[in-house]
Amino acid sequence: MYDLIIIGAGPAGLSAAVTAYEAGLEKILLIERDSELGGILNQCIHNGFGLHLFKEELTGPEFAGRFIEKLRDTNVEVMSDTMVLDISEDHTVSLVNSSGYQHIKGKAIILAMGCRERTRGAIAIPGSRGSGVYTAGTAQRYMNMDGYLVGKRIVILGSGDIGLIMARRMTLEGAKVLACVEINPYSSGLQRNIKQCLEDFDIPLYLSHTITDIRGYPRVNQVVVSKVDEKFRPIARSEMVFDCDTVLLSIGLIPENELSKSAGIVLDPRTKGPRVWENMETSVDGIFACGNVVQVHDLADNVAAEAKKAALAAARYVQQNRQQDGELELKTAGNVTYTVPQHIHLPLSEKLVEVSFRTNRVFGKCAVVVADREGNAVCRYSREYITPGELQKISIPAKLLEDKEEYLTVKVVEEQK
Amino acid sequence: MTELICIGCPRGCHLKVDEENGYQVTGNNCPIGAEYGKNELTNPTRVLTTTVRISGGIHNCLPVRSSGPIKKALLMEAVRALKDVEVASPVKKGDVIVHNIVGSGQDMLASRDM
Ligand SMILES: Cc1cc2nc3c(=O)[nH]c(=O)nc-3n(C[C@H](O)[C@H](O)[C@H](O)COP(=O)(O)OP(=O)(O)OC[C@H]3O[C@@H](n4cnc5c(N)ncnc54)[C@H](O)[C@@H]3O)c2cc1C
Ligand code: SF4
Numbered sequence: 305m306y307d308l309i310i311i312g313a314g315p316a317g318l319s320a321a322v323t324a325y326e327a328g329l330e331k332i333l334l335i336e337r338d339s340e341l342g343g344i345l346n347q348c349i350h351n352g353f354g355l356h357l358f359k360e361e362l363t364g365p366e367f368a369g370r371f372i373e374k375l376r377d378t379n380v381e382v383m384s385d386t387m388v389l390d391i392s393e394d395h396t397v398s399l400v401n402s403s404g405y406q407h408i409k410g411k412a413i414i415l416a417m418g419c420r421e422r423t424r425g426a427i428a429i430p431g432s433r434g435s436g437v438y439t440a441g442t443a444q445r446y447m448n449m450d451g452y453l454v455g456k457r458i459v460i461l462g463s464g465d466i467g468l469i470m471a472r473r474m475t476l477e478g479a480k481v482l483a484c485v486e487i488n489p490y491s492s493g494l495q496r497n498i499k500q501c502l503e504d505f506d507i508p509l510y511l512s513h514t515i516t517d518i519r520g521y522p523r524v525n526q527v528v529v530s531k532v533d534e535k536f537r538p539i540a541r542s543e544m545v546f547d548c549d550t551v552l553l554s555i556g557l558i559p560e561n562e563l564s565k566s567a568g569i570v571l572d573p574r575t576k577g578p579r580v581w582e583n584m585e586t587s588v589d590g591i592f593a594c595g596n597v598v599q600v601h602d603l604a605d606n607v608a609a610e611a612k613k614a615a616l617a618a619a620r621y622v623q624q625n626r627q628q629d630g631e632l633e634l635k636t637a638g639n640v641t642y643t644v645p646q647h648i649h650l651p652l653s654e655k656l657v658e659v660s661f662r663t664n665r666v667f668g669k670c671a672v673v674v675a676d677r678e679g680n681a682v683c684r685y686s687r688e689y690i691t692p693g694e695l696q697k698i699s700i701p702a703k704l705l706e707d708k709e710e711y712l713t714v715k716v717v718e719e720q721k
Numbered sequence: 023m024t025e026l027i028c029i030g031c032p033r034g035c036h037l038k039v040d041e042e043n044g045y046q047v048t049g050n051n052c053p054i055g056a057e058y059g060k061n062e063l064t065n066p067t068r069v070l071t072t073t074v075r076i077s078g079g080i081h082n083c084l085p086v087r088s089s090g091p092i093k094k095a096l097l098m099e100a101v102r103a104l105k106d107v108e109v110a111s112p113v114k115k116g117d118v119i120v121h122n123i124v125g126s127g128q129d130m131l132a133s134r135d136m
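Protein chains in written order, with the numbering used here: chain A, 305 to 721; chain B, 23 to 136.
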């Protein structure tokens, strides 16, 4: 019997393992299906990781390396090349590796399986089924680990960060990126990536546009891009045709939750990840979740911080000192699409409750307001600018919540100039 | 007056740089933004990250980075110079792969062990 079993060794799993060890857990097992640790960071060779955590701009592999080095000084058991196939509600983990199929049990479990990319099927783009259509992450893996450039003339659909990073990478490698096409009127990637990956190389970004046809067989040779109206319907006669051999899809990530479902964990249809408490515990007692499996994060730093929270809570669970009876639900209103956590235990064990959320539109000067059941503001946070592409965070002082009942509502209100 | 997005960190502050007043920067939330705003209009630089071929490693490519920012205009030339570089495993994180890449004053370093 393990104290803690962690599934997935990306930044979430690595940070959780190190934290749980530091918190005093004795028998910890970290399971990874890949042959090396680090998760998606191994293919993210660009810099921009670690500014919050290490106060330095690290590359993805350097960021992962910091945790892998720390892990070496612990007694955490690592099983790589091992795939977890099933988890049950009673904390039995079924896995397979070169020594066969086995069941093991943990007092607590942390899910850190990350995300996978949405594919062409998920958004049903019309056109021929020629080769040359890749998800941006797949192209990134081919480029950065295998040294294979997937095409010479490229159109990118979606303005997610991975697509933007790949636009720069492929341009530097000698490919021509003709356009980045985004159906929303705003970019879903970070502002800094628009600047340093597109503008630096004069790659045009077409907002409120989408690909309406992909032509060519057996290899893509053209795409048609159309402007869309506010209901995302293509506008007739707005077509532009690009001659290209490759289309990269950067249209979002989906939390990888097959295992969560097998354990009977309740998922939130908005985040597509488990519904979690403020300590990252899921609906199943003693099973915690963190990182991209819970919600799509923009930054590995935030993933590591969330994992730390989950690991401390898991340690507390194993060491059996918790007593919580009340609960507050977090509802959303207006343009807030979801919150993580979705609910909070009372009384709180920490001084601050961190809440992250996204909105479905851009705001200029505005305030994030947390209101109680009666509609009175509990706290208020001014913001200069909010965009759906960037995960928002607020920290609510626990003492403001002591006497609250049933639910809180999180909303964003415009501020008069 | 030029408006810029700071790339110093993910916060992405909206900067205003006043060319007429010694490149004074407003809108930044930290000193990095002030320096970035000035540099961007006088001498833009970027950290370069790319890969080189490696033999005997678990992958075909070793990720590398420049030790510090290099002139934006030198980026393409630096990537071209790295095309023909091949190293042999084992390599340690931080090992110098190319000294003073295209005369930029910065070295290319290995990003990981391999
Ligand atoms: C293709 C891609 C590119 C990205 N690029 C960037 C970027 O450039 N910059 C940035 O800040 N963020 C980027 N992200 C976001 C990035 O994923 C997060 O910042 C962070 O890496 C998420 O950490 P994680 O540990 O939650 O997930 P991951 O890093 O995805 O790690 C999850 C791990 O779980 C393992 N796993 C999954 N299922 C199982 C199973 N059943 N059994 C055993 N192991 C399992 C996986 O193999 C993987 O190693 C990218 C994401 C993707 C998908
Ligand atoms: S000014 Fe500072 S806080 Fe703002 S984006 Fe630049 S580095 Fe980040």
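Even for Gly, the Cβ is constructed at its ideal location relative to N, Cα and C.
- When secondary structure is reduced to three states using DSSP, isoleucine 54 (chain B) falls in the helix class.
- Cβ neighbours of isoleucine 498 (chain A) within its own chain (closer than 7 angstroms, five residues either side excluded): Leu468, Ser491, Leu509.
- For the segment 434-452 of chain A, the residues whose beta carbon sits under 9 angstroms from a beta carbon of chain B are, in order, Met447, Asn448, Met449, Asp450, Gly451, Tyr452.
- In the three-state reduction of the DSSP assignment, serine 319 (chain A) falls in the helix class, which pools H, G and I.
- The Cβ-Cβ distance between threonine 691 (chain A) and valine 666 (chain A) falls below 8 angstroms.
- Within the model, the alpha-carbon separation for valine 644 (chain A) versus phenylalanine 661 (chain A) is close to 6 angstroms.
- Residue pairing for proline 112 (chain B): DSSP places it in no beta bridge.
- Contact annotation, isoleucine 54 (chain B) with glycine 30 (chain B): C-beta distance approximately 4 angstroms; criterion of less than 8 angstroms satisfied.
- Comparing alpha-carbon positions, the option among A:Ala321, A:Val454, A:Val659 lying closest to threonine 439 (chain A) turns out to be A:Val454.
- Residue contact check for lysine 93 (chain B) against chain A: no CB pair falls below 8 angstroms.
- In the structure shown, the three-state DSSP call for aspartate 547 (chain A) is strand.
- Close to chain B, meaning a Cβ-Cβ distance shorter than 8 angstroms, are the following residues of the segment 580-609 of chain A: Asp602, Leu603.
- For alanine 675 (chain A), the enclosing beta strand (DSSP E) starts and ends at 670-675.
- Taking CB atoms only, glutamate 360 (chain A) has no neighbour in chain B less than 8 angstroms away.
- The Cβ of valine 69 (chain B) sits closer than 8 angstroms to at least one Cβ of chain A.
- Taking C-alpha positions only, methionine 98 (chain B) is separated from leucine 476 (chain A) by approximately 6 angstroms.
- Of the residues assessed, methionine 130 (chain B) falls on the buried side of the cut-off, its CB having 16 or more other CB atoms within 10 angstroms.
- About 5 angstroms separates the CB atoms of lysine 708 (chain A) and aspartate 676 (chain A); that is less than 8 angstroms, so the two are in contact.
- Counting other Cβ atoms within 10 Å of its Cβ, glutamine 500 (chain A) reaches 16 or more and is therefore classed as buried.
- Contacts between valine 107 (chain B) and chain A, judged by CB atoms closer than 9 angstroms, are missing: the closest CB pair is about 12 angstroms apart.
- Using a C-beta cut-off of 8 angstroms, the segment 509-521 of chain A makes contact with the segment 431-438 of chain A, since at least three inter-stretch Cβ pairs fall below that distance.
- Per DSSP, methionine 447 (chain A) lies in no beta strand (DSSP E) and is assigned neither H nor E.
- For the pair phenylalanine 353 (chain A) and glycine 364 (chain A), the CB atoms are nearer than the 8 angstroms cut-off.
- Sequence-distant partners of lysine 480 (chain A) (beyond 5 residues in either direction) whose C-beta falls short of 6 angstroms from its own C-beta, in its chain, are Arg457.
- If you check each beta-carbon in the segment 112-135 of chain B against every beta-carbon of chain A, the ones closer than 8 angstroms belong to Lys115, Ser133, Arg134, Asp135.
- Interface flag for isoleucine 466 (chain A) against chain B is unset, since no Cβ pair is found closer than 8 angstroms.
- Relative to leucine 557 (chain A), the option among A:Val598, A:Leu355, A:Arg537, A:Leu333 whose CA is nearest is A:Val598.
- Look at the beta carbons and you see the segment 37-44 of chain B not touching the segment 401-418 of chain A: under three pairs across the two are nearer than 8 angstroms.
- Of the residues A:Asp307, A:Ser319, A:Ala313, A:Ile309, the one whose Cα lies closest to the Cα of alanine 608 (chain A) is A:Ser319.
- Ligand 2 has no heavy atom closer than 7 angstroms to the beta-carbon of tyrosine 446 (chain A).
- In this structure asparagine 448 (chain A) is in contact with glutamine 347 (chain A), their Cβ atoms being roughly 5 angstroms apart against a cut-off of 8 angstroms.
- Taking all protein chains in view, the Cβ of leucine 656 (chain A) is surrounded by fewer than 16 other Cβ atoms within 10 Å, so the residue is classified as exposed.
- Residues of the same chain with a CB within less than 7 angstroms of the CB of tyrosine 446 (chain A), apart from the 5 flanking positions on each side, are Tyr452, Val454 in chain order.
- At a cut-off of 8 angstroms, the C-beta of glutamine 495 (chain A) has a neighbouring C-beta in chain B.
- If only uninterrupted alpha helix (DSSP H) runs of at least 4 residues are considered, none is enclosed by the segment 474-508 of chain A.
- Proximity of the beta carbon of methionine 387 (chain A) to ligand 1 is indicated: a heavy atom of the ligand is located closer than 7 angstroms.
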